[in-house]
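*Asks:*
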Amino acid sequence: MGRQLTNGGRLSMRLAKKMNLKDGMKVRVVARPPGVDLDDVEVTSSAKADAILVFVRTLADVDKRCAPAVEAAKQDRLAWIAYPKAKQLGTDLNRDILWRHLLKEHIQGVRQIPIDNVWSAMRFRPEK
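Be aware that the sequence shown starts at 2, since it is given in the numbering used here, and climbs by one per residue.
Structure, rendered in structure tokens:
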């Protein structure tokens, strides 16, 4: 974990560090699109993973796929939801729409990170 050089020669933080993952922590990934590189993140299919990352492209996907992330967030575990950046993949989502939509579940977005040039992810925690 730590930092790596990007193509432009700048230092970039590794994805696991951005996601607040400590050494040895594993992430359950739901609906990962083909071609998405999760860098140094250790992935598992176990429901008992240390963290969860759910990929959604539309608001309808949020309602269909995000129950495990919502439950993890309510337990104040590492819960991330990845969505396309603005004007990518014909999405109807952005940070604000996702954040507002999940407030009804009594969780709130607390941090946003880039995954790659197409995807961002937001961490959710219990609503305060």
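Ideal Cβ positions, reconstructed from N, Cα and C, are used throughout, including at glycine.
Every value quoted in this text rests on a predicted model; they were computed, and no experiment measured them.
#1: Just list the residues that DSSP pairs L22 with in beta bridges.
#2: Specify whether the stretch 84-93 and the stretch 51-65 touch according to this definition: at least 3 beta carbon pairs, one from each stretch, less than 8 Å apart.
#3: Along the chain, where does the beta strand (DSSP E) that runs through K27 open and close?
#4: Rounded to whole angstroms, what is the Cα-Cα separation between D64 and L22?
#5: Would you tell me roughly how many angstroms separate the C-alpha atoms of K49 and G91, rounded to the nearest one?
#6: Write down every uninterrupted run of the beta strand (DSSP E) in the stretch 79-106 whose length is 3 residues or greater and which is fully enclosed by it, in chain order.
#7: Would you kindly work out how many angstroms separate the C-alpha atoms of K129 and P69, rounded to a whole number?
#8: With a Cβ-Cβ cutoff of 8 Å, do E43 and K27 count as a contact?
*Replies:* Taking the definition as stated:
#1: Looking at the DSSP assignment, L22 forms no beta bridge with any residue, so it has no partner.
#2: Using a C-beta cut-off of 8 Å, the stretch 84-93 makes contact with the stretch 51-65, since at least three inter-stretch Cβ pairs fall below that distance.
#3: K27: member of the beta strand (DSSP E) spanning K27 to V31, first to last residue.
#4: Distance between the alpha carbons of D64 and L22: 26 Å.
#5: Going by the C-alpha atoms only, they are around 33 Å apart.
#6: If only complete runs of 3 or more residues are kept, the stretch 79-106 shows the beta strand (DSSP E) at 79-85, in order along the chain.
#7: For K129 and P69, the distance between alpha carbons rounds to 20 Å.
#8: Taking 8 Å as the Cβ cut-off, E43 and K27 qualify as a contacting pair.
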